[in-house]
Amino acid sequence: MWDAKQIKRLSTGERVTFGKGFIAKCNKDNSVSLIFQARQAGTRQTSKVRTYSLAKVDKLDKRLDSLVDNAMQTALQYKSMLRNGKDPQAVTQKEQEAKEAEALTFKEACELYDMDTLRHDNNVQNTVTKRNSIFKNTVNDWIEDGKTISSIDTKAIYNRWSEISSGQDGRKRTAQLFYVWTRAVFNFLIDTSQYHNKNPCDALRKRIKTKANASKNNFLIPSETSNLIRHLKSYTSLKNQELSFAGKIVKQSTMYRIQQFNIIHFLLITGLRLSEAFKIERKNIHLNGTE
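For the sequence shown, the positions run 3 to 293 when my numbering is used.
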């Protein structure tokens with residue numbers, strides 16, 4: 003172990019070993035580096051001796067004894083981790099990342115996500131603008147108050163989603179977008195090792211329905227089909243007149259447009275897919291009844 007009295011007597015460039023991996027080296031600026039060397043648990047062939055510079059002290063510093071004691075405590079912690087097969091630097095780095103993640107705010111996370119999106123995707127400025135607008139309208143208090151990512155859990159997200167989605171139907175889509183983009187921000191942080199827990203939004207995937215996870219059986223109900231057929235019949239019966247279709251004024255005068263209405267009508271009453279309709283051969287069409 004290091005000896006403060008012996009460290010004070012070191013001359014420039016001198017290096018002294020205290021045994022058991024404790025080394026002191028006097029630098030050109032007359033400071034002294036406290037070095038610890040040890041081997042991580044494992045075989046000598048796979049585990050090389052690791053060197054750690056734990057402190058740099060001034061020989062004339064009145065706090066020298068205290069500084070050496072602090073370095074000694076760190077060395078003993080490193081020694082314990084190495085015996086357990088852990089790399090102290092990796093452990094320290096992970097602890098530092100955890101502290102940074104604890105301090106990361108929701109606003110900072112959104113800014114990092116926006117920069118990453120703009121850097122890797124094209125033509126997404128409108129999406130970024132819309133996302134920021136949604137967050138401003140739904141969780142502006144999280145942004146303004148500097149709410150940390152670590153304090154946002156599943157309960158906080160669900161409560162905010164419930165608050166947004168209750169009431170007017172138009173707000174339900176806003177609530178969905180809040181959930182989708184909040185989940186995307188957390189996924190980004192996880193992928194970039196800036197958040198080390200599970201995504202708090204994942205537990206809500208079954209409860210919160212979005213366009214992405216909604217039912218894919220989006221078929222027309224009978225009344226909707228009947229209504230469409232009625233309109234199509236009325237449109238195809240008109241000649242050389244202006245009419246409104248899909249919100250636009252069109253002329254019902256060309257055979258091409260009549261054919262378009264007829265094919266839609268045909269698909270509706272038969273239930274065929276468009277690809278199936280294209281495969282129908284004339285010999286299989288029986289206008290006077292079944293074959």
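Every residue, glycine too, gets a C-beta built ideally from N, C-alpha and C.
Boundaries for GLN42: no alpha helix (DSSP H) harbours it, and the DSSP string shows neither H nor E there.
DSSP places TYR54 outside any alpha helix (DSSP H); the residue lies instead in the beta strand (DSSP E), whose first and last residues are 51–60.
Contact check for ARG41 against VAL51 passes: the beta carbons are separated by less than 7 Å. The segment 113–191 is shown to contain whole alpha helix (DSSP H) runs of 4 or more residues at 127–140, 142–146 and 156–167, in chain order. Separation of the CB atoms of ASN189 and ASN199 is rounded to 12 Å, and the pair is thereby denied contact status at 8 Å.
Annotation: ASN286 to PHE263 spans about 22 Å, alpha carbon to alpha carbon.
As DSSP reads the structure, ARG17 sits in a beta bridge with LYS27. Here DSSP, grouped into helix, strand and coil, assigns THR212 to coil. If you draw a 10 Å sphere on the C-beta of ALA43, you find fewer than 16 other C-beta atoms in it, and that means exposed.
Classified as exposed, MET3 has fewer than 16 neighbouring CB atoms from the shown chains inside 10 Å of its CB. Under a 10 Å Cβ-count criterion, GLN95 is classified as exposed, with fewer than 16 other Cβ atoms of the shown protein chains found around its own Cβ. With respect to the C-alpha of CYS203, the residue from ILE223, PRO224, THR194 and LEU179 having the closest C-alpha is LEU179. GLY15 and SER195 have their alpha carbons spaced roughly 41 Å apart.
Taking LEU230 as the centre and dropping the five residues before and after it, the same chain places the C-beta of LEU270 closer than 7 Å to its C-beta, in chain order. With respect to the C-alpha of LYS10, the residue from SER35, ARG173 and LYS235 having the closest C-alpha is SER35. Here GLU146 has no same chain residue with a Cβ atom under 6 Å from its own Cβ, once five neighbours each way along the sequence are excluded. Exclusion of the five residues before and after ASN134 leaves CYS112 and ASP116 as the residues of its chain whose Cβ lies within less than 8 Å of its Cβ. Under the three-state reduction of DSSP, THR107 is assigned to strand. In the DSSP assignment, PHE38 is bridged to PHE24 and TYR54. Linking GLN127 to LEU114 through their CA atoms gives a straight-line distance of about 14 Å. Beta-bridge partners assigned by DSSP to SER33: ASP60. The Cβ atoms of LEU56 and ALA77 lie closer than 7 Å to each other.
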